[in-house]
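Sequential numbering from 0 applies to the sequence shown in numbering that gives the first Met the number 0.
Where a beta carbon is used, it is the ideal one built from N, C-alpha and C, also for glycine.
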Amino acid sequence: MIEPSDITKEKSLGAIWWAYRKNTPERRANRLLYGVPAILGILHSFLGSQSVGQLLSEIRSLADLSVSFAASILGFLLAGFTIFAVMTKPDLFARMATTKYETGQLSFLKQNFFAFIDAFIVYLSFVTFCFAIHILGAPNGVASTALGQLGGDAMAVKRTVARVVLSVEIASLSYTLVKLKSFIFNVFHIVMTGIRWEVEAKKPSGE
């Protein structure tokens, strides 16, 4: 039996993220979907013949595009969360809060809500990452000045750093796209689950 205090057990976004990830392993298909673009991004970054200037231009362009994309998707995520919160009745929430999910660790309520929060965290983290690139990686900005102070072959260091950042940027973008796919399915599944519970609750006990 789930205690009422368990409903408010998590006190931060980090605790919610950890509880959800610990009890919801990543699907193999999702790993493949974001793993392949990530590998292609690494190959493009490290095996291409781009100059440092071209690499930096790609990084800045992708960061600007990603900030706009992720910010607009956050609005979509909030809309999906609103659908779940508004369409679900309080008594159904109460039933979900006291019923264990199939993994046996979280309740149905937390499993569904945490799926939304996990997507929020991924997109907020991605926006923050891209915004940091936009600020720190500006021409003659902090990153350029810091790398220019390095001794030895500064250009080789810049090229390596640029390749690593571009690879991480492409991998992160592919992961957010896969997370969006999962979020769309979660919205559908959660709404269907609520409808199913309503139907089953209204069934005569003899059926």
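Checklist line | Burial state of F128 (16 or more Cβ within 10 Å) | finding: Position 129 of the sequence shown holds residue 128. F128 is buried by the Cβ-count criterion.
Next item on the list: Could you check which residue in Q49, Q110, G136 has the C-alpha nearest to that of F182?
Entry: Residue mapping note: residue 182 aligns to position 183 of the sequence shown, counting from 1. Ranking Q49, Q110, G136 by Cα distance to F182 puts Q110 first.
Notebook entry, point to check: Which partner residues of S106 appear in the DSSP bridge assignment?
Noted result: Along the sequence shown, read from residue 1 onward, the residue named residue 106 stands at position 107. Paired residues: K99.
Next item on the list: Give the single residue among L31, P89, A93 whose Cα lies nearest to the Cα of S4.
Entry: Along the sequence shown, read from residue 1 onward, the residue named residue 4 stands at position 5. The candidate whose alpha carbon is nearest that of S4 is A93.
Check: How should S106 be labelled, buried or exposed, when 16 other C-beta atoms within 10 angstroms of its C-beta is the threshold for buried?
Finding: By 1-based counting over the sequence shown, the position of residue 106 is 107. Buried, because 16 or more other Cβ atoms sit within 10 Å of the Cβ of S106.
Note to self: Going by DSSP, what residue range makes up the alpha helix (DSSP H) through P36?
What the structure shows: As a working note, residue 36 is residue 37 in the sequence shown. Start and end: 27-46.
Item checked: Any 3 or more C-beta pairs closer than 8 Å across the region 163-171 and the region 30-39 -> With the rule of 3 Cβ pairs closer than 8 Å, the region 163-171 counts as touching the region 30-39.
Margin query: For a quick check, are the C-beta atoms of L12 and I134 less than 8 Å apart?
Written below: In the sequence shown, residue 12 corresponds to position 13, counting from 1. In the sequence shown, residue 134 corresponds to position 135, counting from 1. No.
Note to self: Which runs of the alpha helix (DSSP H) at least 4 residues long sit entirely within the region 51-75? Give them in chain order.
What the structure shows: none
Notebook entry, point to check: From G292 to V186, what does the alpha carbon distance come to, in whole angstroms?
Noted result: One cannot answer for residue 292 here, as it falls past the ends of the chain, which runs 0 to 206.
Checklist line | Nonlocal neighbours in the same chain, by C-beta distance under 7 Å from F130, ignoring five residues either side | finding: What you label residue 130 is simply residue 131 of the sequence shown in a count that begins at 1. So the qualifying residues of the chain are V66.
Next item on the list: For I6, collect the residues of the same chain with a Cβ closer than 6 Å to its Cβ; drop the 5 residues on either side in sequence, then sort them by chain order.
Entry: One-based indexing of the sequence shown puts residue 6 at position 7. Cβ within range, chain order: A96.
Next item on the list: Taking K10 as part of the alpha helix (DSSP H), name the residues at either end of that continuous run.
Entry: In the sequence shown, counting from the first residue as 1, residue 10 sits at position 11. Neither: K10 is in no alpha helix (DSSP H) and is coded neither H nor E.
Next item on the list: Evaluate K88 with the Cβ neighbour count: other Cβ atoms within 10 Å of its Cβ, from every protein chain shown; 16 or more gives buried, anything less gives exposed.
Entry: Indexing the sequence shown from 1 puts residue 88 at position 89. With fewer than 16 other Cβ atoms within 10 Å, it is exposed.
Next item on the list: Under 7 Å Cβ to Cβ from P138, same chain only, skipping five residues before and after it: list those, please.
Entry: Position 139 of the sequence shown, counted from the first residue, corresponds to residue 138. There are no such residues.
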